[in-house]
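>
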Amino acid sequence: MSDEPGGDATTNDVPDSDVDQMDDDGYDEPLIAEPPHPINWNLLSAEDAEAEWLELNRWVDWLRHTYGLPASVIPPAWHMHPELLWELSALHLHWLCAYDPDQNGSAPLGWHRDFADARQRLREWVAACGTRLDHDRPTRQTVWPGEEPGDPIEDIPITDRDAEFVEFVMADVQARREAEEAFYRDLDPDTGEVS
Numbered sequence: 000m001s002d003e004p005g006g007d008a009t010t011n012d013v014p015d016s017d018v019d020q021m022d023d024d025g026y027d028e029p030l031i032a033e034p035p036h037p038i039n040w041n042l043l044s045a046e047d048a049e050a051e052w053l054e055l056n057r058w059v060d061w062l063r064h065t066y067g068l069p070a071s072v073i074p075p076a077w078h079m080h081p082e083l084l085w086e087l088s089a090l091h092l093h094w095l096c097a098y099d100p101d102q103n104g105s106a107p108l109g110w111h112r113d114f115a116d117a118r119q120r121l122r123e124w125v126a127a128c129g130t131r132l133d134h135d136r137p138t139r140q141t142v143w144p145g146e147e148p149g150d151p152i153e154d155i156p157i158t159d160r161d162a163e164f165v166e167f168v169m170a171d172v173q174a175r176r177e178a179e180e181a182f183y184r185d186l187d188p189d190t191g192e193v194s
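The structure is reproduced here in structure tokens:
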């Protein structure tokens, strides 16, 4: 059994050539896993966002436990901070690629080297944004001349991280779903253009 997230059982009793093409009806199209690919969080559909949030959360949880990472590197409310989201998402992709079975044997060493750099960046962003083990606040934004000052920033206690994460993801997915519905509602069926 593997401690790695996404670890699969193997089918040692079936020849490799047969595994790629078997399904319930005998032989059909090849079963090929989707290769790792960069995630642009700004462009995900509601359905894709939900899947990506859950997968990244599972991997981040594995990462923090495996490497004993403190909240100063990965805080409980990492998902509330885009700077942490983008860094962790990129690190996850890098890990997936480094541990791909077709990858060069030294790729995991490259990932660990880059992981050390990423931990330093994560520490800097956690310190700058102010999120901690038991409370969170939005990342402070510098107001440029001519911009309206932002609302006051207050700390919010973190009481049940898992429940708060689920609530956050549900709100994100709902907002994306509403944006998709609005887009398709405004789409002209004849021309395919937004009216």
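In this text, residue positions in the sequence shown follow numbering that gives the first Met the number 0: the first is 0, and each later residue adds one. Cβ coordinates follow ideal geometry from the N, Cα and C atoms, glycine included. Fair warning: this is a prediction, and the values are worked out from it, not measured in the lab.
1) Can you have a look at THR158 and say buried or exposed, based on whether 16 or more other CB atoms are within 10 angstroms of its CB?
2) Consult DSSP for PRO156 and reduce its assignment to one of helix, strand or coil.
3) Since SER88 and VAL125 should fall inside the 8 Å C-beta cutoff, what is the C-beta to C-beta distance between them, to a whole number of angstroms?
4) Could you tell me the alpha carbon to alpha carbon distance between CYS96 and ASP189, rounded to whole angstroms?
5) Any idea which residues DSSP pairs HIS134 with across the strands?
6) With DSSP as the reference, label ALA76 as helix, strand or coil.
7) How many angstroms separate the CA atom of PRO75 from the CA atom of LEU84?
8) Please report the Cβ distance between ARG120 and GLU86, rounded to the nearest whole angstrom; I am assuming they are in contact, meaning their Cβ atoms lie under 8 Å.
9) So within the region 52-118, which uninterrupted alpha helix (DSSP H) runs reach at least 4 residues, ignoring any that extend past its ends?
10) Classify ILE38 as buried or exposed, calling it buried when 16 or more other Cβ atoms lie within 10 Å of its own Cβ.
11) Is the CB-CB distance between VAL168 and TRP52 below 8 Å?
12) So, does the region 175-184 touch the region 50-65, judging by three or more C-beta pairs under 8 Å?
13) Report the CB separation of ARG175 from LEU68 in whole angstroms; it is logged as a contact under 8 Å.
14) Under a Cβ-count criterion, where at least 16 other Cβ atoms within 10 Å of its own Cβ denotes burial, should ILE73 be classed as buried or exposed?
15) Can you check which of these residues, HIS93, ASP154 and THR130, is closest to GLU82 by C-alpha distance?
16) How should ASP135 be labelled, buried or exposed, when 16 other C-beta atoms within 10 angstroms of its C-beta is the threshold for buried?
17) Can the beta-carbon of ASP171 be found less than 8 Å from the beta-carbon of ALA48?
A quick look at the data gives this:
1) exposed
2) DSSP places PRO156 in strand when its eight states are reduced to three.
3) No, SER88 and VAL125 are not in contact; Cβ-Cβ is about 16 Å, not under 8 Å.
4) Between CYS96 and ASP189, the C-alpha separation is close to 43 Å.
5) PRO156
6) Here ALA76 sits in coil by DSSP.
7) About 12 Å.
8) 6 Å
9) 81-97
10) buried
11) The Cβ atoms of VAL168 and TRP52 sit closer than 8 Å to each other.
12) no
13) Contact flag wrong, Cβ pair sits at about 29 Å.
14) buried
15) THR130
16) buried
17) Going by C-beta atoms, ASP171 is nearer than 8 Å to ALA48.
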